[in-house]
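Trainee: Chains as they are written, first to last, in this note's numbering: chain A, 9 to 335; chain B, 9 to 335. Beta carbons: idealized from backbone N, C-alpha and C, even for Gly.
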DNA sequence: CTCACACGGTGGAGCGCTCCAACACCTCCA
DNA sequence: TGGAGGTGTTGGAGCGCTCCACCGTGTGAG
């Protein structure tokens, strides 16, 4: 049997297709009787409205696209939760696009634009131009992927890195290495860490920024640092994944953590929270960033054309088991 | 300026809208000259075809929906890669739906059906009925769901659990506990482990199955087991997350791993592969499951109506640093 | 008693595409 | 020299909805 349309439902309920449409969209100006008849028909026919038809007709998709770089990078999970918390009740669906999972030929941004989402959240260094006629409002979440005229919400990486380094300094460390990442956020964290270290009169240890900021890269970077600088007693990694790599390297060296080596991460990811890892880290407020991003985007989608807003949330130090005073 | 339509492109290129459509869909029966003119106009106008309009007209979305339970559960990542590897070149987009991120009121399955995806991959315990007129072909990936008449692809959990337990037995362990999970796959693994243990004449240690199979639950279960049975020398956890919880518990007890306690996981997740965790585990062939699922689904979408296929892939033991002979 | 106005409901136009039948035009061979 | 067949292109119908203008009642005020 063919898939039922709104006309089939109308016929089955003995009303017009327009009335069915009103019921489906929850209009208040429908009699209780008609509503029941339509709902009953919908159920009986197993009818599901066609999203394509409705968004074509309404010129609206009720969907928000979220652009992330890789599902494997779990920092986006709390972001998603925060976004959903705000956007869900506002009537929007969330459509996550993982750039790593899009055909390399196909531009992910192009895809979002083609699907006519009502708004876009960018949570990565964006490649193509998000411009063009009829492009929806955009809010940048997290990294400083700078899009002209777009709102942005992020934790203050500069302050976060300062918290991390000051924690280490307060514990009494004076040989401290930073494991930098080559992203926008990574650069801010590295610059801030360098500034705080320099202000404390602590000699700089140069480490090549890791392009992908993964566990493997953190491992190699830490191996290198620990090999070249046996006097290092503390490492501040650009994110939790790299910190876990550093923990692996410490293990390789037979270094006790936190006895011989202290390690601080950044993100307060689910991994950092496990009993095994129990990582001292900086909470980048992902969920709060998501909520604020959702609020800003919702207001833009409602038509606000105020000047671009750039909001910054205060990160927090989370002390766990990987930091202690040096011997 | 208004968003350009196919008519604007046609006018700008001096051809008909039909020709533009042919060019957009890469038809071979278009002259080089026309193609160039259309592509030039597309570029100049910054035109992007409307997905809604095209799928409405074509009665086809070129999209496949993937239903997972939670982004935070990273076992699906390799699955996605495998699926994408096969489905991408076949011309399908992948649309991941995380049930945890859908408004509780809204049925995620309903959403997929409304969006008229051409195929569905189910990688979770499915709630609603995926039936109804015009429902697309469905393939179940993993052992979590059983949908009548749907194809399925999964690793052989029974064989995998056997591999894990036999590895422990071969090392000489005879006090072995299993940390079960309450999912479909979890039950299979638990039953198999119990059977192998029983055949080896090893007394059973009863542990309550964990409902969500997370790190936290693995931690608590292991804490309980280790407390109640001080003679246990090996733990086989239902998945890597729980194994990492168990590792955390071992640390709490001051047990050296693998000296005092051996731990085996299941999934060979990215976490297990880190230098810090370095977990002995069972590779559940997620990427291969994804590829095979993609192949089956593609053939169904091409119209195959052969009898339901149930494919099983052989898991593999990956020995790393968390297992050793008992003292 | 009449008029205005809610209230609940309706048909038609149109959203931006795809697909199909049809159509010029050209080439080639009988 | 005429028709068959191929190549490139075209307009029209229609996909399943939403939105808008409009319409018929019933009700209360003047």
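Along the chain, which unbroken stretches of the beta strand (DSSP E) at least 3 residues long are found entirely within the region 154 to 198 of chain B?
Mentor: 159 to 163 and 184 to 187
Trainee: How about residue 286 of chain B and residue 329 of chain B: do their beta carbons lie closer than 8 Å?
Mentor: yes
Trainee: Using DSSP with H/G/I as helix, E/B as strand and the rest coil, what is residue 123 of chain A?
Mentor: It is coil, neither helix nor strand.
Trainee: Closer than 8 Å, CB to CB, is residue 30 of chain A near chain B or not?
Mentor: no
Trainee: Using a C-beta to C-beta distance shorter than 9 Å, which residues of chain A count as neighbours of residue 328 of chain B?
Mentor: Within chain A, no residue comes near residue 328 of chain B; the closest Cβ sits about 12 Å away, beyond 9 Å.
Trainee: When DSSP builds the beta bridges, which residues end up paired with residue 149 of chain A?
Mentor: A:161
Trainee: Got a sec? Which residues, its chain only, sit under 6 Å from residue 104 of chain B by beta carbon, not counting five neighbours each side?
Mentor: 74
Trainee: Excluding five sequence neighbours on each side, which residues of the same chain lie with their C-beta closer than 6 Å to the C-beta of residue 294 of chain A?
Mentor: 86 and 87
Trainee: Say whether chain A places a C-beta atom closer than 8 Å to the C-beta of residue 282 of chain B.
Mentor: yes
Trainee: Any chance you could list the beta strand (DSSP E) runs of at least 3 consecutive residues sitting entirely within the region 53 to 130 of chain A, in chain order?
Mentor: 71 to 76, 101 to 106 and 127 to 130
Trainee: Let me confirm a value: residue 15 of chain B is counted as buried when at least 16 other C-beta atoms fall within 10 Å, else exposed. Which label applies?
Mentor: Flag for residue 15 of chain B reads exposed.
Trainee: With a threshold of 8 Å between beta-carbons, can residue 267 of chain B be considered close to chain A, or not?
Mentor: no
Trainee: Between the Cα of residue 207 of chain B and those of B:221, B:170, B:52 and B:66, spot the shortest distance and give me the residue it belongs to.
Mentor: B:170
Trainee: With residue 11 of chain A as the anchor, note down where its alpha helix (DSSP H) starts and where it stops.
Mentor: Per DSSP, residue 11 of chain A belongs to no alpha helix (DSSP H) and is neither H nor E.
Trainee: Could you name the residues of chain A that residue 255 of chain B contacts, counting a contact when the two beta carbons are closer than 7 Å?
Mentor: 284
Trainee: If you measure from the beta carbon of residue 59 of chain A to each beta carbon in chain B, is any gap under 8 Å?
Mentor: yes
Trainee: Tell me the rounded alpha-carbon separation between residue 64 of chain B and residue 29 of chain B.
Mentor: For residue 64 of chain B and residue 29 of chain B, the distance between alpha carbons rounds to 14 Å.
Trainee: So is residue 312 of chain A buried or exposed if we call it buried at 16+ other beta carbons inside 10 Å?
Mentor: exposed
Trainee: Rounded to whole angstroms, what is the Cα-Cα separation between residue 292 of chain A and residue 84 of chain A?
Mentor: 11 Å
Trainee: With DSSP as the reference, identify every bridge partner of residue 291 of chain A, one or two as the case may be.
Mentor: A:324
Trainee: Taking 8 Å as the cut-off, decide whether the C-beta atoms of residue 19 of chain B and residue 76 of chain B are in contact.
Mentor: no
Trainee: Please classify residue 10 of chain B as buried or exposed, where buried requires at least 16 other C-beta atoms within 10 Å of its C-beta.
Mentor: exposed
Trainee: Among residues of its own chain, excluding the 5 on either side of residue 277 of chain A, which ones have a beta-carbon nearer than 7 Å to its beta-carbon?
Mentor: 82, 83 and 248
Trainee: Please classify residue 312 of chain A: does DSSP put it in a helix, a strand, or coil?
Mentor: coil
Trainee: Please state the DSSP three-state secondary structure of residue 319 of chain B.
Mentor: strand
Trainee: Using three-state DSSP, classify residue 245 of chain B as helix, strand or coil.
Mentor: strand
Trainee: So with CB distances below 8 Å, who are the chain B contacts of residue 122 of chain A?
Mentor: 56, 57, 58 and 59
Trainee: Scan the region 209 to 248 of chain A and note each continuous alpha helix (DSSP H) run of 4 residues or more that stays entirely inside, going in chain order.
Mentor: Fully contained in the region 209 to 248 of chain A are the following alpha helix (DSSP H) runs of length 4 or more, in chain order: 223 to 236.
Trainee: Ends of the alpha helix (DSSP H) at residue 29 of chain B?
Mentor: 25 to 32
Trainee: For residue 368 of chain A, return the contacting residues in chain B, with the cut-off set at a CB-CB distance below 7 Å.
Mentor: Because chain A here runs from 9 to 335, residue 368 of chain A falls outside it and cannot be looked at.
Trainee: Sort out for me which residues DSSP pairs residue 271 of chain A with in a bridge.
Mentor: A:243
Trainee: To which residues of the same chain is residue 91 of chain B closer than 7 Å at the C-beta, ignoring the five residues directly before and after it?
Mentor: 74, 102, 129, 298, 301 and 302
Trainee: So with CB distances below 9 Å, who are the chain B contacts of residue 82 of chain A?
Mentor: 79, 80 and 82
Trainee: Taking residue 322 of chain A as the query, report the chain B residues whose CB atoms sit under 9 Å from its CB, ordered along the chain.
Mentor: Within chain B, no residue comes near residue 322 of chain A; the closest Cβ sits about 25 Å away, beyond 9 Å.
Trainee: Taking all protein chains shown into account, do 16 or more other C-beta atoms lie within 10 angstroms of the C-beta of residue 318 of chain B, making it buried, or fewer, making it exposed?
Mentor: exposed
Trainee: Please report how far the alpha carbon of residue 151 of chain B lies from the alpha carbon of residue 220 of chain B, in whole angstroms.
Mentor: 15 Å
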